[in-house]
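Working notes for the structure below.
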Amino acid sequence: MIQIDWKPDKNSNVPIRTQIITYLTSKIRSNDWPVGTVLPTQRTLAEYFKVNRSTIVSALDELKADGIISGNGRGGTKVIDIPSFLGAASQPRWQHYIEDGIHIANDSTIKRINQSEPDESMLRLSSGEASPEMFSKDSMRIVLEEVAKDIGNMGYEWPRGMLGLREQLSEYLLTLGIRTNPKGILIVSGALQAIQLIAMSLLQPGSTVFVEKPSYIYSLQILQTLGMRRVGIPLDKDGMQAKLIPGFIKKNHASIIYTIPNFQNPTGATMSLERRNELLEICKKEKLPIIEDDVYGELWIDNPPPPSLKSLDRSGNVIYVGSVSKTLSPGLRIGWIVGPESVIDRLSDIKMQMDYGSSSIAQLTVEKWLETGLYQVHLNQMRHALKKRRDLTLQLLGVYFSGIASWNVPQGGYYVWVEMNGQINLHKMFEEAFKYKVLLYPGYIYQSHSSKAFRISYSYATDEELESGISQLSKIIRTLL
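3 is the number of the first residue of the sequence shown in this note's numbering; add one for each residue after it.
Have a look at this one:
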């Protein structure tokens, strides 16, 4: 289905009909809508553009007269030609290239959310980032002044990343119980690149990755694009059910495990200490490596979580992934991988082939956040802010969702996992919520089959937006049950 993210400017001196014709022809001329593309119905186009249907009919009639489209307007109108006067005759058939590319397209629901989140009119109960209200501009100003003092050669950095940042990280990680040195750390452009690098560098097409179910990794196409399989291990309140792993290995010949032990995305669950030790013991016995994604670990609210898998690991089984995207700013695009030096050497070689290293300015900025001690100050402030938002969200759920759903009480992170007491069509719920400008992530995104649960984020929306969004969701759901 074609995407339309444009509306005519009703304040322009150019007639609305002319603007619509110009937009439609530009999409056809650019080959965004190649020959054979079926256009939305006249009624749908009128709704998209917020105009009378007669305006759409008139615009389409002109395109028909030019021999560009053909059809009856009831869903059968399609692009039939790209005349030379549109200037597209010599262009490559881009749609064929797009369809033949190796990367699998994002899920359509995720694409709609990503495209809609910048719209300030939307209520972002979907967002996986912190509100700007939680970011200290004064602290950033101090940090950037320190960065300005130290800016030197802005050429290519060490393959593993800036030495100063890796030294600061090795000291910081020691406070989390993780013993490493700068050679055991690779700086990456966020946790997502870390996962991609590990998969590309250490696994093969056909490899099986064990993940929690539900899991954030189900919302990504990275592994499938590389020809790998995801197999879900059921999750309970204590985390991935490690005792099931040997049985799954017999059936699937797994290559690696991916887990988010702290404040898991999307459920908010935290793996218990007993379960962590059990997982490590089983993986040691099975010689199965673990990718530990700990981007939420420092965002604890009530009490710190149990020690990380990496800090408990005595067998060199765990590759640890961290980032400042959730704790500081996603715009910095800085994360890190901690692992055996031989693994880090391999990963750094592949990263250099991909992008010749992460931004020097961003690396230096994170180094100064750590060096000045302002990062820990910021984390304490952020935990306090997240507690207020989480508590408000739980209170609102108690008011508006009582009797129709149950939910967890996350001990940290960004998310509450809400599960309906009865069956509900999540696709329809998402569409209805979208109509009312409410964005959220339905559960079917996070696991291989549909569910009756969805994820609410309390990290971005204001207090007023949280109440407005949750109350509206309650009304929608009660009409669908």
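Every residue gets a Cβ at the ideal spot worked out from N, C-alpha and C, and that includes glycine. Remember, predicted model here, so these are calculated numbers, not experimental data.
Suppose the cutoff is 6 Å on Cβ atoms and the five residues either side in sequence are ignored; what does the same chain contact list for residue i look like?
i	result
A91	Legend: pLDDT at A91 = 49, less than 50; position of this residue unreliable, no value from coordinates given.
L372	Q170 and Y174
P444	L428, F432 and F456
N267	Y218
K477	none
M136	M384 and A387
N183	S172
T481	none
G69	D83
Name the two residues that bound the continuous alpha helix (DSSP H) containing residue i.
i	result
F250	I247 to N254
L301	No alpha helix (DSSP H) holds L301; DSSP gives it neither H nor E.
E288	L275 to E288
Y25	I18 to R31
Y174	L165 to L176
M142	K139 to D152
E369	S362 to E373
T111	S110 to S118
How would you write the range of the beta strand (DSSP E) that residue i sits in, first residue to last?
i	result
R232	R231 to D238
Y50	First-last for Y50: Q44 to F51, but that is the alpha helix (DSSP H), not the beta strand (DSSP E).
K215	T210 to K215
I82	From DSSP, I82 is part of no beta strand (DSSP E); its letter is neither H nor E.
L228	Element bounds for L228: n/a, residue is neither H nor E.
T57	Not the beta strand (DSSP E): T57 falls in the alpha helix (DSSP H), residues R55 to A67.
L222	First-last for L222: undefined, no H or E at that position.
V190	I187 to V190
T261	I258 to T261
Closer than 7 Å by C-beta to residue i: which residues in its own chain qualify, once you throw out the five before and the five after it? Chain order, please.
i	result
G38	K80 and V81
E131	P332, S461 and Y462
L334	V326, A364, T367 and V368
E434	I478
R392	I303, P412 and Y460
W35	I4, K29 and V81
W8	Y25
L194	none
For my contact list, residue i and residue j are in at a C-beta cut-off of 8 Å; report their separation, rounded to the angstrom.
i	j	result
I336	V368	5 Å
L311	P263	6 Å
R277	G241	5 Å
I447	I321	In fact, because the Cβ distance is near 25 Å, the residues do not count as touching under 8 Å.
I258	L290	7 Å
L1	V16	With the chain running from 3 to 483 in the structure shown, residue 1 is simply not present.
P306	S274	Actually they do not touch by this definition, with Cβ atoms about 14 Å apart.
L127	K439	Rounded, the Cβ-Cβ distance is 11 Å, inconsistent with contact.
T464	E148	Not really, about 32 Å apart at Cβ, beyond 8 Å.
K215	Q449	5 Å
S221	I112	6 Å
Confirm, please, whether the CB-CB distance from residue j to residue i is below 8 Å.
i	j	result
S360	V190	yes
E300	T272	no
A244	F250	no
G400	W302	no
G208	G186	no
I406	I472	no
T57	I4	no
S362	M156	yes
S459	Y417	yes
S350	L167	no
L41	I71	yes
P342	E288	no
L396	L468	no
S404	E421	no
I22	A61	yes
G270	W419	yes
M356	P161	no
L441	E119	yes
S203	R348	yes
Taking 8 Å as the limit between beta carbons, can you name the residues of its chain near residue i, skipping five residues before and five after?
i	result
I106	Q223, Q226 and T227
E466	none
V211	A201, L205, I219, L225, M230, R231, R232, V233, A256, S257, I258, I259 and Y260
R114	F436
K454	E421, M422, G424, Q425, I426, L428 and G445
Checking contacts by CB at 8 Å: is residue i closer than that to chain D?
i	result
S209	Here chain D cannot be found, since the structure has a single protein chain.
Is residue i a contact residue of the ligand FMN, with contact defined as CB to any heavy atom under 7 Å?
i	result
Y377	The ligand FMN is not among the ligands present in this structure, which contains no ligands whatsoever.
Whole alpha helix (DSSP H) elements within the region 389-475, 4-residue minimum: Unbroken alpha helix (DSSP H) stretches of 4 residues or longer found wholly inside the region 389-475: 428-437, given in chain order.
Enumerated in chain order, which unbroken segments of the beta strand (DSSP E) with a length of 3 residues or greater are wholly contained in the region 299-344? Listed in chain order, the complete beta strand (DSSP E) runs (minimum 3 residues) inside the region 299-344 are 320-325 and 337-340.
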